[in-house]
Amino acid sequence: MKLFKNYFTVKHWFLSALFLGSVCVPLFSQNLTDYEIMKRSEEKSSPTTSSYTATMTLVNKKGNTRVREVVFYTKEFSDSKRSVVVFRTPKDVKGVGYLMWEYKADANGKKKDNDSWLYLPAMKRVRRILGSESGDDFMGTDFTYDDLGDRGLTKDNFTLLGEETVNNAPCYKIEATSIDKNEKNPRRILWVRKDNFVVQACEFYNKQNVLQRVLTCENVYELEGIWTTGKMTMKNVITGSSTVLQMDNVQYNQEIQDSIFTVVSLERGAIK
Amino acid sequence: MKSKLSLVIALWVCCFGATAGFAQDIEFSGGTATELGLFVQGENAGHFSNARQSVMGNLDVRFDSCRAYIQGLLEFDGIKAFNGDKFSLTNGLTASLQEAYFTWTSNDFGLSLNFSTTIGRQLISFGKADGISITDAVFPKRLAAISFSPLDASKLPLDAWKFSLSGMIFNFDIIYQPFFTATSLPLNEGNALKKHLIPESVSLPGLPNAIWINVGSLKQPELKFLNGNVASVLSFYLPRVDFSFYGWYGFDTVPVLNYAVGSMTTPPVPDEIIVNGDYQRYGLLGFDAALPISQVVLRFETAYSIAKALQVDAVKILQGEKHFERKHLLKMLLGLDWTYKGLTLTSQYYGDVVFGGIEQLTRKRYEHGTTLSLSYAFLQDTLTLGLNYAINWNEFDSYLKAYMNYALTDAISLRLTYLGFFPGKSQGEYGRYKDLSDVKLEAVFRW
Numbered sequence: 001m002k003l004f005k006n007y008f009t010v011k012h013w014f015l016s017a018l019f020l021g022s023v024c025v026p027l028f029s030q031n032l033t034d035y036e037i038m039k040r041s042e043e044k045s046s047p048t049t050s051s052y053t054a055t056m057t058l059v060n061k062k063g064n065t066r067v068r069e070v071v072f073y074t075k076e077f078s079d080s081k082r083s084v085v086v087f088r089t090p091k092d093v094k095g096v097g098y099l100m101w102e103y104k105a106d107a108n109g110k111k112k113d114n115d116s117w118l119y120l121p122a123m124k125r126v127r128r129i130l131g132s133e134s135g136d137d138f139m140g141t142d143f144t145y146d147d148l149g150d151r152g153l154t155k156d157n158f159t160l161l162g163e164e165t166v167n168n169a170p171c172y173k174i175e176a177t178s179i180d181k182n183e184k185n186p187r188r189i190l191w192v193r194k195d196n197f198v199v200q201a202c203e204f205y206n207k208q209n210v211l212q213r214v215l216t217c218e219n220v221y222e223l224e225g226i227w228t229t230g231k232m233t234m235k236n237v238i239t240g241s242s243t244v245l246q247m248d249n250v251q252y253n254q255e256i257q258d259s260i261f262t263v264v265s266l267e268r269g270a271i272k
Numbered sequence: 273m274k275s276k277l278s279l280v281i282a283l284w285v286c287c288f289g290a291t292a293g294f295a296q297d298i299e300f301s302g303g304t305a306t307e308l309g310l311f312v313q314g315e316n317a318g319h320f321s322n323a324r325q326s327v328m329g330n331l332d333v334r335f336d337s338c339r340a341y342i343q344g345l346l347e348f349d350g351i352k353a354f355n356g357d358k359f360s361l362t363n364g365l366t367a368s369l370q371e372a373y374f375t376w377t378s379n380d381f382g383l384s385l386n387f388s389t390t391i392g393r394q395l396i397s398f399g400k401a402d403g404i405s406i407t408d409a410v411f412p413k414r415l416a417a418i419s420f421s422p423l424d425a426s427k428l429p430l431d432a433w434k435f436s437l438s439g440m441i442f443n444f445d446i447i448y449q450p451f452f453t454a455t456s457l458p459l460n461e462g463n464a465l466k467k468h469l470i471p472e473s474v475s476l477p478g479l480p481n482a483i484w485i486n487v488g489s490l491k492q493p494e495l496k497f498l499n500g501n502v503a504s505v506l507s508f509y510l511p512r513v514d515f516s517f518y519g520w521y522g523f524d525t526v527p528v529l530n531y532a533v534g535s536m537t538t539p540p541v542p543d544e545i546i547v548n549g550d551y552q553r554y555g556l557l558g559f560d561a562a563l564p565i566s567q568v569v570l571r572f573e574t575a576y577s578i579a580k581a582l583q584v585d586a587v588k589i590l591q592g593e594k595h596f597e598r599k600h601l602l603k604m605l606l607g608l609d610w611t612y613k614g615l616t617l618t619s620q621y622y623g624d625v626v627f628g629g630i631e632q633l634t635r636k637r638y639e640h641g642t643t644l645s646l647s648y649a650f651l652q653d654t655l656t657l658g659l660n661y662a663i664n665w666n667e668f669d670s671y672l673k674a675y676m677n678y679a680l681t682d683a684i685s686l687r688l689t690y691l692g693f694f695p696g697k698s699q700g701e702y703g704r705y706k707d708l709s710d711v712k713l714e715a716v717f718r719w
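For the record, the sequence lines run as chains A and B. For the first sequence, the positions run 1 to 272 when my numbering is used. For the second sequence, the positions run 273 to 719 when my numbering is used.
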């Protein structure tokens, strides 16, 4: 049951991780309430398929490290975006797979709930699962599901605070306050690069408005016209722990068979 | 029979060798585990319940659309190795081939359809229940011990051929199992569970001495093509719901036991009863579904067993009745999964009912129970606390497993487990194992 518990709630975390900057930021640069601009930007920046490996290194306050590695595939379908994530390490969860079908909004802007499945190799069985609470920690890391998930733009109010330079990159400084004040981090400060609109850094404040976590983004590069963040570090300044998320072997618009994104494919252990 | 098995092994080795020879990807992984347990109640309290070391190896070879996979397990059981005052390494050692199969999968051939076949020793699971066998009851289990190595599976593999046709939202499997595999039972001398299945002796009113009970043989089905078990599954994975239909026909993996008087004393009264067993055919139709609703996933599973051979009471058998009666049986389960802030809860209610007269049988007409599982992980998922509880509502007997798991590193984990069995109104299924309640410490290293 530990296995089941730990990965029961895997969400579409990785889905948006690569595109964090390119998806969200153009909105900030023009008009924080301009939903149509954001939507066009999102559509333009999304590849038909993508794949990569992600390595998460968890560092506790004593400096001890733990590593989790996953392989990730996603593909655009006519009605949905489908993603599959398979764990390579740690060894006790090697082969655990997660499949999600994220449905697109219809003409009225309504979306069906996502469908998600989890494959547990020890049980030789796929289980239908729910998503998770967006404020939950992801797999014991310092990231939450919400940090890198597809948060959208309807959950926050945005304020342009000014311009600052971060790591030699001129940035817009933006304050995002959540509409739901019960969220784990109701206030965030983001630094957005002026040249490519990629998030360079972010501060997360807790409900008491105390700085809790700091995100730093590195290795930002353009691949096939898509701005990609290769490395993200999240430090929890209260607990002293941190998590480094590194994306490697990134590929866009490669041919990936439709059948990879099926429950059967998970069960066969076809993805690794 | 030997030549047939040799042929199968040779074919498999050829397939594996061919794949390995051209492999694009070969991966070896495995693990080792050590366990030490103590009984905590009854006359055995303080004695070792468990002293076992195990090593597992996996070899995964892939080439293009082919895959060969082998998993083997070597175990040393310290308790089995000590026979009285003597130590025997060979008594304690067991080696088993957990899985050894070869898979070929076609490319999509239109409409996202593809075909695959898997041949060899493989673990196959049916159903959506958690820890309770409804449709999965057709497959053999490991029932020869209360607990198994953390590297081991709780069920036995099948030597089977599986053919699959699948699309984006469905999968259709046909499984043929040419070689029968029985559920492993605790019938060996020295097995602490044996007396709970078959007592050493029985005292009958009017007889001066106890009658000894000895185990004879379990007659397995003859090895021939038509004696193979067959199964099929049609599964659908649709928005908001998954569901599957199951069909199965074959030999029950659990034997029905027959009791016969073995020897008589002078004057003629029985002083030995011999227990033999055999495996009987039956059919099964099943259905399951899983539906995410709001914050929970609801699961439903049912299985209708057709003409299943059920055990007749031993006294009735000794009085001349047949050792089994064929009955139809309906099993059902309703479960839910819920998660909140890192807490996972799974609960299930299950029951099964026998149709027709039950006067001769050892079981009740309706048997039912509930399971509850809770787990919570924290400290960056390194520490997990959990419990599994099950209660049988017929006798109110129950079982509790509470555990604490700590991941020392990414590769090494430690687990402390308490396993308790509690009688209800009578001993019940769980209560009769109360003296086997134990505390166990285990360490696992995976590479």
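Backbone N, C-alpha and C fix where the C-beta goes; we use that ideal spot for every residue, glycine too. Note that the coordinates shown come from a computational prediction; the quantities given were computed from them, not determined experimentally.
For the segment 640-653 of chain B, list every residue whose C-beta sits within 9 Å of some C-beta in chain A, in sequence order. Answer set for the segment 640-653 of chain B: 645, 646, 647, 648, 649, 650, 651, 652 and 653.
Exposed or buried, what is residue 98 (chain A) when buried is set at 16 or more other beta-carbons lying within 10 Å of its beta-carbon? That one is buried.
Contact set for residue 390 (chain B): own chain, Cβ-Cβ below 6 Å, skip 5 residues either direction: So the qualifying residues of the chain are 373, 375 and 434.
Could you compute how far the alpha carbon of residue 236 (chain A) sits from the alpha carbon of residue 208 (chain A)? In a straight line, the C-alpha of residue 236 (chain A) is about 15 Å away from that of residue 208 (chain A).
Between the CA atoms of residue 450 (chain B) and residue 496 (chain B) - distance to the nearest angstrom: Distance between the alpha carbons of residue 496 (chain B) and residue 450 (chain B) is about 7 Å.
Scan the segment 432-459 of chain B for residues whose Cβ lies nearer than 9 Å to a Cβ of chain A and list them as they occur along the chain. Cβ contacts with chain A: 436, 438, 439, 440, 441, 442 and 443.
Can you find a C-beta in chain B that's less than 8 Å from the C-beta of residue 215 (chain A)? When Cβ-Cβ separations below 8 Å define contact, residue 215 (chain A) makes no contact with chain B.
Who are the neighbours of residue 259 (chain A) on chain B, taking C-beta pairs under 9 Å? Neighbours of residue 259 (chain A) on chain B, chain order: 377, 379, 380, 384, 385, 386, 438, 439 and 440.
For a quick check, are the C-beta atoms of residue 573 (chain B) and residue 401 (chain B) less than 8 Å apart? In this structure, residue 401 (chain B) lies closer than 8 Å to residue 573 (chain B) by Cβ.
Comparing C-alpha positions only, which one of B:635, B:526 and B:336 sits nearest to residue 416 (chain B)? Residue 416 (chain B) has its Cα closest to that of B:526, out of B:635, B:526 and B:336.
Taking only three categories from DSSP, how would you classify residue 510 (chain B)? Residue 510 (chain B): strand per DSSP, three-state reduction.
Just verifying my parser: in three-state terms, what is the DSSP assignment at residue 383 (chain B)? Coil, per DSSP.
Within a Cβ cutoff of 6 Å, which residues of the same chain sit near residue 39 (chain A), ignoring the five residues on either side of it in sequence? For residue 39 (chain A), the predicted structure reports a pLDDT of 45, less than 50, and the residue's modelled location is therefore unreliable. A value from the coordinates is still provided. Within the same chain, and ignoring the five residues on either side of residue 39 (chain A) in sequence, no residue has its Cβ closer than 6 Å to its Cβ.
Mind reading off the beta-carbon distance from residue 312 (chain B) to residue 711 (chain B)? Whole number of angstroms is fine, and I expect it under 8 Å. Rounded to whole angstroms, the Cβ separation of residue 312 (chain B) and residue 711 (chain B) is 6 Å, and the two are in contact under 8 Å.
Just reading off the alpha helix (DSSP H) that residue 589 (chain B) is part of, what are its end residues? Taken as a continuous stretch (DSSP letters only), the alpha helix (DSSP H) holding residue 589 (chain B) covers 586-590.
Inter-residue spacing [alpha-carbon to alpha-carbon] between residue 396 (chain B) and residue 423 (chain B): Straight-line Cα distance between these residues: approximately 17 Å.
Are residue 265 (chain B) and residue 347 (chain B) closer than 8 Å when you measure CB to CB? Here chain B comprises residues numbered 273 to 719, so residue 265 (chain B) is not present and cannot be evaluated.
Interface residues of chain B around residue 60 (chain A) at Cβ under 8 Å? Here the neighbours are 652.
By the 8 Å beta-carbon criterion, what residues does the segment 677-705 of chain B contribute toward chain A? From the segment 677-705 of chain B, only 677, 679, 681, 682, 683 and 685 have a Cβ closer than 8 Å to chain A.
Using a Cβ-Cβ cut-off of 6 Å (strictly less than) and excluding sequence neighbours within five positions of residue 617 (chain B), which residues of its own chain qualify? Counting only Cβ-Cβ distances below 6 Å, and skipping sequence neighbours, we find 610 and 646.
Is residue 343 (chain B) close to chain A, meaning its C-beta is less than 8 Å from at least one C-beta of that chain? Chain A contact via Cβ: absent.
Which listed residue (B:547, B:510 and B:444) has its alpha carbon closest to that of residue 488 (chain B): Residue 488 (chain B) has its Cα closest to that of B:547, out of B:547, B:510 and B:444.
Three-way DSSP call (helix, strand, coil) for residue 640 (chain B) in this model: Residue 640 (chain B): strand per DSSP, three-state reduction.
Let me check understanding here. Comparing Cα to Cα, which of A:203, A:155 and A:271 lies closest to residue 180 (chain A)? Considering only A:203, A:155 and A:271, the residue with the shortest C-alpha distance to residue 180 (chain A) is A:155.
Is it the case that the segment 196-214 of chain A contacts the segment 234-254 of chain A, given that we only count it when at least three CB pairs across the two stretches are under 8 Å? Yes: the two stretches touch, three or more of their Cβ pairs being nearer than 8 Å.
Residue 702 (chain B) - containing alpha helix (DSSP H), residue span: Note, residue 702 (chain B): alpha helix (DSSP H), 700-703.
Does residue 161 (chain A) pass the burial test, meaning 16 or more other C-beta atoms within 10 Å, or should it be called exposed? Burial check for residue 161 (chain A): the Cβ neighbour count within 10 Å stays below 16, so the residue is exposed.
Report yes if the C-beta distance between residue 116 (chain A) and residue 254 (chain A) is below 8 Å; otherwise report no. Pairing residue 116 (chain A) with residue 254 (chain A) gives a Cβ-Cβ distance that is not under 8 Å.
Quick one: what's got a C-beta closer than 6 Å to residue 549 (chain B)'s C-beta in the same chain, skipping five residues either side? 490, 527 and 529.
Hey, quick one: how far does the alpha helix (DSSP H) through residue 54 (chain A) stretch, first residue to last? DSSP places residue 54 (chain A) in no alpha helix (DSSP H) but in the uninterrupted beta strand (DSSP E) bounded by 49-59.
Where the segment 232-246 of chain A meets chain B: residues whose CB sits under 8 Å from a CB there: Sequence-ordered contacts of the segment 232-246 of chain A with chain B read 241 [C-beta pairs closer than 8 Å].
Counting only beta-carbon separations shorter than 8 Å, does residue 611 (chain B) have a partner in chain A? Yes, residue 611 (chain B) counts as interfacial toward chain A.
Let me know if residue 702 (chain B) comes out buried or exposed under the rule of 16 or more other beta-carbons within 10 Å of its beta-carbon. Classification for residue 702 (chain B): buried.
Beta-bridge partners of residue 459 (chain B), as assigned by DSSP: For residue 459 (chain B), which the question treats as bridged, DSSP gives no partner whatsoever.
Does DSSP put residue 262 (chain A) in a helix, in a strand, or in coil? The answer is coil: DSSP assigns residue 262 (chain A) none of H, G, I, E or B.
Would you say residue 567 (chain B) reaches chain A, if we count a Cβ-Cβ gap shorter than 8 Å as a contact? Interface residue, yes.
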